[in-house]
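Note that the sequence shown covers residues 6 to 781 in our numbering.
Glycine is no exception: its CB is placed at the ideal position from the N, C-alpha and C atoms.
The next block holds one structure in the form of structure tokens; read it before the comments.
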Amino acid sequence: MTQKYFPQSRWLFLAVIAIVASLALVFTHTTSAQGPANGGSADAIEAELEADKATNPPAANSVNAQIFDSGQGILPLFGGVDDATLTTSGYLADPATGIWDPYLGGVEFWAAAYDIPANILYISQGSTFSKYEAGVVSTIGTFEESGGTTRSIVSMDIFGDALYGGTNTTSGSGEGLFLIDQATGALSDFIAYDDPATTDIGGIAFDSDGAPADFYNGGATLYGVNDSSSRRGIVTIAPDGTITVVAPYPDGESDIDGLAYGDGKLYLVEDDGTGSNGQTYIFDLDTMSYTGSFNTPWPSNEVFSAATWLWPETPVGGGFCNTDGPILIPGTGTAAGVAAPYPSTLTVSGLTGTITDLNIELNGLSHTYPDDLDMLLVGPNGENILFLSDAGSGTDIITGTLVFDDEAVAAIPDSGPMVSGTYLVSSYGSGDTFPAPAPAPSTATALSVFDGTDPNGTWELYIYDDAGGDVGQLDGWCLQIETDGGPTATPEPSVTATTEPTATVTTEPTVTATAEPTVSATATPPAGQCSSGGPPTVLYFNDFETDDGGWTESGFGDWEWGEVVVPGDDENCGATNYPEPPGAYSGTNAWATNLNGCYSNSGATSTISRTFDFSNVEGPIMLSWWEWYNIFGSFDTGAVLVNGTPLYTIVTSTPTADWQQVMLDLSAYAGNASVTVEFQLSATTVVNRYGWYIDDVSVTGCDTGGGATPTPTTVPATATATGTSVPVTATATQQVTAIQLNSLNSDSGSATPWLLLSLAGLLTIAGFTWVSRRRR
């Protein structure tokens with residue numbers, strides 16, 4: 006922006022490192038002199054930024070991500086800043102509460118725009134065009150005009166199927182609005198702003214999700230935030246480049262970059278941090294007035310801020326919640342039993358038409374053994390679905406938020422921890438029954454069972470804890486319902502019957518000649534589901550409590566499997582005064598680059614790897630793990646490689662505050678018989694820290710018959726009853742991986758032991774029978 010100051014150390018992390026045996030470690034940062042206070046050259050400033058970044062660029066694919074939602078439910082507003090050195094540079098917010106929740110770290114945001122149907126967050130990092138998709142940030146290309154001129158994009162938004170981006174210079178050349186090719190970053194269809202000398206627009210937002218018609222042919226209003234003193238405030242940008250002020254900034258404000266539109270309101274996000282009382286302002290377009298504000302979350306003042314709205318326009322329908330108080334699970338005591346109340350009810354009224362989409366949100370779910378939970382939702386017309394059953398594990402869930410959505414990527418793992426997120430229906434096993442007055446569960450496997458029904462009436466949630474010894478509660482639950490009936494309270498003028506993309510057969514490749522995709526035998530399955538129509542299953546999971554999970558250590562040798570020991574002062578780890586590892590994510594064991602101290606100043610690479618067979622697996626395939634790290638970023642790096650290609654890197658020196666989950670989409674490797682995943686730490690000889698810790702690794706996908714493990718192995722076993730314990734001795738005829746036998750207990754001491762098997766279908770045990778569901 007034209008009136009901003011740029012710290013040169015944004016991408017030059019260190020200038021000098023001196024290590025002397027008797028001296029402390031010294032970090033020297035350099036910062037540039039301040040730019041001109043008024044009317045400075047944005048061209049020169051942007052050139053300086055690009056030069057700095059070229060000297061020490063952020064690594065591609067650098068992201069620390071929680072994938073589904075932020076952990077606080079589905080939040081609608083995204084905001085970020087251009088400082089990739091922050092532990093968190095991207096946040097999600099609920100404007101109703103004013104609370105920002107950390108979401109992404111290690112990524113710089115000059116501008117951002119969310120493509121709702123494609124589920125892609127497009128990112129400008131100056132002249133670099135990137136995207137965040139399926140948990141990975143990757144570079145698409147460079148913002149470049151057809152003649153070869155490179156531009157820095159400082160504002161972005163999507164209208165219809167098109168991505169638009171704005172530049173900000175003082176030379177007058179190239180300042181305006183471009184159409185951006187989402188596949189390459191190529192710029193075209195330039196609109197020059199009417200007066201570059203009085204234009205300093207850092208954020209843009211369309212007032213609707215858009216229709217097939219492009220912006221240049223009308224159909225929406227494009228808003229911007231203009232910092233130029235002569236016409237400062239919220240402005241509209243016409244297709245011919247004319248700028249019109251519609252409202253001034255709030256008193257005292259002169260520099261606002263981030264702008265998002267959602268449900269009739271504009272959200273103006275400052276780049277100032279909390280220490281400077283940075284604000285996000287809410288502007289109501291119906292009353293043309295500011296209606297409130299809340300603090301920004303970043304700790305320091307930054308150069309650029311970005312914002313985008315993540316929810317589609319409010320559908321015909323809405324959200325309905327039960328907030329009557331906690332639901333106790335079970336209702337009394339610790340024996341198996343129903344919740345109280347049973348059922349919990351929710352009344353929906355005032356909606357027209359029939360259901361086209363329904364999501365379930367569970368708020369504040371806690372339980373000491375989540376695998377015991379069975380939940381059945383019954384609609385007012387009698388349709389029902391067992392949407393949660395025997396999922397997760399014995400690891401506690403504490404005040405979690407679970408959203409069930411047919412458009413999610415995967416189900417909750419069958420044998421992994423249950424954590425906050427957005428999931429497909431997650432029901433495992435068969436034969437679940439509920440005490441009266443609950444009906445018998447249907448065979449439905451997706452929430453679309455309610456599609457086409459009347460949403461109005463009483464909905465019932467039946468919860469049953471099917472094993473004794475544990476307790477929990479649910480604070481409340483909600484239904485998000487969309488219908489096909491009636492107009493919205495504030496209909497978008499651009500939406501007409503002739504511009505709905507679903508009105509023609511040619512715009513929907515899965516639609517049959519009758520324009521009814523749901524009756525086509527070849528219809529594409531909902532996003533995130535297998536071609537069979539069901540959710541992906543857990544192909545591999547290991548929490549490393551009983552074994553190393555089949556991972557092989559190589560290279561210098563810093564990786565270790567075993568109990569995580571919180572270290573004391575050790576080498577430079579004590580001198581840096583950084584947080585120590587908090588122990589394993591679950592249980593006591595994990596993989597780590599030195600379990601009880603620092604990794605080595607080796608000048609070498611340490612690796613753990615494991616090869617999966619995806620020859621009989623189709624997408625979506627997701628790799629997930631929990632991690633904690635404290636490495637000497639910019640010099641030492643962590644990376645996850647798949648068949649030699651780095652898909653995830655760690656380059657920051659800022660330790661994680663706690664364990665965090667990361668997921669990578671491996672669907673591109675479907676059908677590949679040899680997919681090798683590597684966790685790799687590359688160390689210099691300069692400074693070392695506590696390192697990288699990995700726990701609870703899982704792979705989910707759609708198994709078409711062969712799974713993601715080596716050839717099935719028959720394991721003969723013998724058992725001798727001793728009291729109530731049955732020791733088992735097993736000898737494998739070849740290597741067995743991804744199979745866990747945690748313990749064997751039997752009431753009788755001789756028959757029907759229970760097993761915990763991550764891939765039980767590939768294991769044959771001679772002389773035994775076993776139950777299909779694990780028990781304590």
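Legend entry - Residue from Ile468, Thr90, Gly85 with nearest C-alpha to Thr659: Position 654 of the sequence shown, counted from the first residue, corresponds to residue 659. Here the closest residue by C-alpha is Thr90.
Legend entry - Cut-off 7 Å between Cβ atoms - residues of its own chain near Tyr295, not counting five sequence neighbours on either side: Against the sequence shown, residue 295 aligns to sequence position 290. Contacts found: Pro255, Tyr286, Ile287, Phe288.
Inset, instruction - Using 10 angstroms around the beta-carbon of Gly330, count the other beta-carbons present and answer buried if the total reaches 16, otherwise exposed. - result: Looking up residue 330 in the sequence shown gives position 325. Exposed is the call here.
Inset, instruction - Going by DSSP, name the residue or residues bridged to Asn648. - result: The residue labelled residue 648 in the question sits at position 643 within the sequence shown. Paired residue(s): none; Asn648 is not in a bridge.
Inset, instruction - Please report how far the alpha carbon of Ser605 lies from the alpha carbon of Val430, in whole angstroms. - result: As a first step, residue 605 must be located in the sequence shown, where it is residue number 600. As a first step, residue 430 must be located in the sequence shown, where it is residue number 425. In this structure, the straight-line span from the alpha carbon of Ser605 to that of Val430 is close to 45 Å.
Inset, instruction - State yes or no: is the C-beta of Ala598 within less than 8 Å of the C-beta of Gln685? - result: On the sequence shown, position 593 is the one that residue 598 refers to. On the sequence shown, position 680 is the one that residue 685 refers to. The sequence given here places Thr at residue 598; Ala does not occur at that position. Not a contact, by the Cβ cut-off of 8 Å.
Inset, instruction - Taking 8 Å as the threshold, find out whether the segment 539 to 554 comes into contact with the segment 617 to 633 through three or more Cβ pairs. - result: Yes, the segment 539 to 554 touches the segment 617 to 633.
Inset, instruction - Just the C-alpha distance for Ser371 and Thr172, rounded to the nearest angstrom, thanks. - result: What you label residue 371 is simply residue 366 of the sequence shown in a count that begins at 1. What you label residue 172 is simply residue 167 of the sequence shown in a count that begins at 1. Each residue's CA atom was taken as its position, placing Ser371 and Thr172 some 48 Å apart.
Inset, instruction - Could you tell me whether any non-hydrogen atom of the ligand ZN is closer than 7 Å to the CB of Thr659? - result: Of ligands this structure carries none, so the ligand ZN is not represented either.
Legend entry - Span of the beta strand (DSSP E), counted from its first residue to its last, around Cys603: For the purposes of this step, residue 603 is taken as the residue at position 598 of the sequence shown. In the DSSP assignment, Cys603 falls outside any beta strand (DSSP E) and carries neither an H nor an E.
Legend entry - Start-to-end residues for the beta strand (DSSP E) that takes in Pro107: What you label residue 107 is simply residue 102 of the sequence shown in a count that begins at 1. Counting along the chain, the unbroken beta strand (DSSP E) around Pro107 starts and ends at 104 to 110.
Inset, instruction - Output the boundary residues of the beta strand (DSSP E) element that contains Arg615. - result: Here residue 615 refers to the residue found at position 610 of the sequence shown. Per DSSP, Arg615 belongs to the beta strand (DSSP E) from 610 to 617.
Inset, instruction - For the segment 220 to 257, list the beta strand (DSSP E) runs that are entirely contained and at least 3 residues long, ordered along the chain. - result: Segments of the beta strand (DSSP E) lying fully in the segment 220 to 257: 227 to 231, 238 to 242, 248 to 252.
Legend entry - Beta-carbon proximity of Gly324 to Pro335, cut-off 8 Å: Stepping through the sequence shown from its first residue, residue 324 is reached at position 319. Stepping through the sequence shown from its first residue, residue 335 is reached at position 330. The Cβ-Cβ distance between Gly324 and Pro335 does not fall below 8 Å.
Inset, instruction - Report, in whole angstroms, the separation of the C-beta atoms of Asp106 and Pro422, which I expect to be a contact under 8 Å. - result: Counting from one through the sequence shown, the residue named residue 106 turns up at place 101. Counting from one through the sequence shown, the residue named residue 422 turns up at place 417. Wrong, their Cβ atoms sit about 20 Å apart, outside the cutoff.
Legend entry - For Thr154, the nearest candidate out of Phe392, Ser160, Glu180 (CA to CA): Translated into the one-based positions of the sequence shown, residue 154 becomes position 149. Considering only alpha carbons, the answer is Glu180.
Inset, instruction - Using beta-carbon positions only, say whether Leu82 and Tyr272 come within less than 8 Å of one another. - result: By one-based count along the sequence shown, residue 82 stands at place 77. By one-based count along the sequence shown, residue 272 stands at place 267. Yes, the Cβ-Cβ distance between Leu82 and Tyr272 is below 8 Å.
Inset, instruction - Would you check if the distance between the CB atom of Trp115 and the CB atom of Ser135 is smaller than 8 Å? - result: To locate residue 115, count along the sequence shown from 1; it is residue 110. To locate residue 135, count along the sequence shown from 1; it is residue 130. Cβ atoms of Trp115 and Ser135: not closer than 8 Å.
Inset, instruction - Specify the secondary structure class of Gly267 as computed by DSSP and reduced to three states. - result: Numbered from 1 along the sequence shown, position 262 holds the residue referred to as residue 267. In the structure shown, Gly267 sits in a strand (DSSP, three-state: E or B).
Legend entry - Burial state of Ser354, where buried means 16 or more other Cβ atoms lie within 10 Å: As a working mapping, residue 354 is identified with position 349 in the sequence shown. It counts as exposed.
Legend entry - Residue closest to Phe439, alpha-carbon to alpha-carbon, out of Ala243, Ala472, Asp459: The residue given as residue 439 occupies position 434 in the sequence shown. That would be Ala472, whose Cα lies nearest to the Cα of Phe439.
Inset, instruction - Have a look at Leu407, Gly165, Gly474, Ala311 and flag the residue whose alpha-carbon is nearest the alpha-carbon of Thr337. - result: To locate residue 337, count along the sequence shown from 1; it is residue 332. With distances taken between Cα atoms, Thr337 lies closest to Gly474.
Inset, instruction - Indicate the three-state DSSP secondary structure (helix, strand or coil) for Leu429 in the structure shown. - result: Working through the sequence shown from its first residue, we reach residue 429 at position 424. Leu429: coil per DSSP, three-state reduction.
Inset, instruction - Return the CA-CA distance between Gly555 and Tyr698, expressed in angstroms with no decimal places. - result: Taking the sequence shown and counting its residues from 1, one reaches residue 555 at position 550. Taking the sequence shown and counting its residues from 1, one reaches residue 698 at position 693. Approximately 17 Å between the Cα atoms of the pair.
Legend entry - Under 8 Å between C-beta atoms of Ser193 and Leu184: For the purposes of this step, residue 193 is taken as residue 188 along the sequence shown, with counting starting at 1. For the purposes of this step, residue 184 is taken as residue 179 along the sequence shown, with counting starting at 1. In this structure, Leu184 lies closer than 8 Å to Ser193 by Cβ.
Inset, instruction - Starting from Asp162, follow the beta strand (DSSP E) in both directions and report where the run begins and ends. - result: To locate residue 162, count along the sequence shown from 1; it is residue 157. Note, Asp162: beta strand (DSSP E), 160 to 164.
Inset, instruction - Sort out for me which residues DSSP pairs Thr133 with in a bridge. - result: Locating residue 133 in the sequence shown gives position 128, where the first residue counts as 1. Thr133 pairs with Gln130, Thr147.
Inset, instruction - Keeping to the same chain, check which residues put their C-beta closer than 6 Å to that of Val274; ignore five residues upstream and five downstream. - result: Translated into positions along the sequence shown, residue 274 becomes position 269. Counting only residues of its own chain and dropping the five nearest sequence neighbours on each side, Val274 has a CB closer than 6 Å to the CB of Gly84, Gly263, Thr285, Ser310, Ala312.
Legend entry - Where Thr503 falls, given that 16 or more other Cβ within 10 Å makes a residue buried: Position 498 of the sequence shown, counted from the first residue, corresponds to residue 503. With a pLDDT of only 29 at Thr503, under 50, the local geometry of the prediction cannot be trusted, and the value read off the model is given with reservation. By the 10 Å Cβ count, Thr503 comes out exposed.
Inset, instruction - Below 7 Å CB to CB, which residues in the same chain sit around Thr458 once its five sequence neighbours on both sides are set aside? - result: Residue mapping note: residue 458 aligns to position 453 of the sequence shown, counting from 1. Closer than 7 Å at the Cβ level, and outside the excluded window around Thr458, lie Thr359, Ile360, Gly384, Asn386, Glu388.
Legend entry - For Tyr467, the first and last residue of its enclosing beta strand (DSSP E): If you number the sequence shown from 1, residue 467 lands on position 462. Counting along the chain, the beta strand (DSSP E) containing Tyr467 begins and ends at 462 to 470.
Inset, instruction - Pull up the distance between the alpha-carbon of Trp633 and that of Asn693, whole angstroms please. - result: What you label residue 633 is simply residue 628 of the sequence shown in a count that begins at 1. What you label residue 693 is simply residue 688 of the sequence shown in a count that begins at 1. For Trp633 and Asn693, the distance between alpha carbons rounds to 15 Å.
Inset, instruction - Assign Ser132 to buried or exposed, taking buried as 16 or more other Cβ atoms, counted over all protein chains shown, within 10 Å of its Cβ. - result: Within the sequence shown, numbered from 1, the residue matching residue 132 stands at position 127. If you draw a 10 Å sphere on the C-beta of Ser132, you find 16 or more other C-beta atoms in it, and that means buried.
Inset, instruction - Verify whether the separation of the beta carbon atoms of Phe392 and Ile365 is less than 8 Å. - result: Translated into the one-based positions of the sequence shown, residue 392 becomes position 387. Translated into the one-based positions of the sequence shown, residue 365 becomes position 360. For the pair Phe392 and Ile365, the CB atoms are nearer than the 8 Å cut-off.
Inset, instruction - Would you mind sorting Val682 into buried or exposed? The rule is 16 or more other CB atoms within 10 Å of its CB. - result: To locate residue 682, count along the sequence shown from 1; it is residue 677. The Cβ neighbour count for Val682, taken over all protein chains shown within 10 Å, is at least 16; the residue is labelled buried.
Legend entry - Among Pro651, Ser157, Val86, Thr650, nearest to Asn306 - alpha-carbon criterion: The sequence position of residue 306 within the sequence shown is 301, counting from 1. The residue among Pro651, Ser157, Val86, Thr650 with its C-alpha nearest the C-alpha of Asn306 is Val86.
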